[in-house]
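Numbering-wise (numbering that gives the first Met the number 0), the sequence shown opens with residue 0 and increments by one. Working notes for the structure below.
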Amino acid sequence: MPIDARYDQHNVFARILRGEIPSDRVYEDLDFVAFRDIQPAAPVHIVLVPRGEPPTSSATLREADAEWVGRMVLVAARIAAEQGLAERGYRLVMNCGDDAGQTVGHLHLHLLGGGPLGPVA
Ligand code: AMP
């Protein structure tokens with residue numbers, strides 16, 4: 000994963016990955032960690048984050064990132080199935096920038112489900 004010059008090593012997800020802040024982890028492998036969102040926006044709200052120093056958002060992704068970003072979506076689908084969300088459905092959200100309300104500059108994917116989610120916007 001290329002290092003984004005704007006990456007802040009003290010962002011909350013970096014601190015969670017280093018174990019400096021506790022998290023309710025539901026999944027981890029060599030490349031990704033998933034944990035429950037501290038302010039859930041749905042009955043099930045999980046955040047999936049790449050380990051290391053990924054781009055801060057989708058805006059700084061490059062062609063070379065395509066493979067691991069694809070795997071991240073597959074991992075999210077796997078977690079959704081493990082959480083029992085596959086049958087009724089779920090939503091994957093990747094916020095980018097201020098207008099989307101992105102608060103953490105470490106690219107991540109939200110997994111939302113567990114009940115009707117309403118319109119996407
Ligand atoms: P975003 O708004 O897309 O940047 O998403 C950041 C998410 O991280 C928000 O939904 C926050 O509620 C969540 N969050 C912030 N701090 C923590 C934490 N310590 N543990 C779990 N989730 C967190």
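We put the beta carbon where it would ideally sit given N, CA and C, even for glycine. Everything numeric in this text was worked out from a predicted model, so none of it was measured.
Rounded straight-line distance, which links the Cα of residue j to that of residue i
i   : j    : result
G96 : V119 : 17 Å
S57 : Q82  : 26 Å
R14 : T59  : 21 Å
Where residue i falls: helix, strand or coil (DSSP)
i   : result
G69 : helix
A33 : strand
I45 : strand
E27 : strand
V92 : strand
Residue j beta carbon less than 8 Å from that of residue i
i   : j    : result
N10 : V103 : yes
V43 : G112 : yes
Y6  : E66  : no
Whole-number beta carbon distance between residue j and residue i, since they are thought to touch under 8 Å
i    : j   : result
P49  : F34 : Wrong, their Cβ atoms sit about 13 Å apart, outside the cutoff.
H105 : F12 : 4 Å
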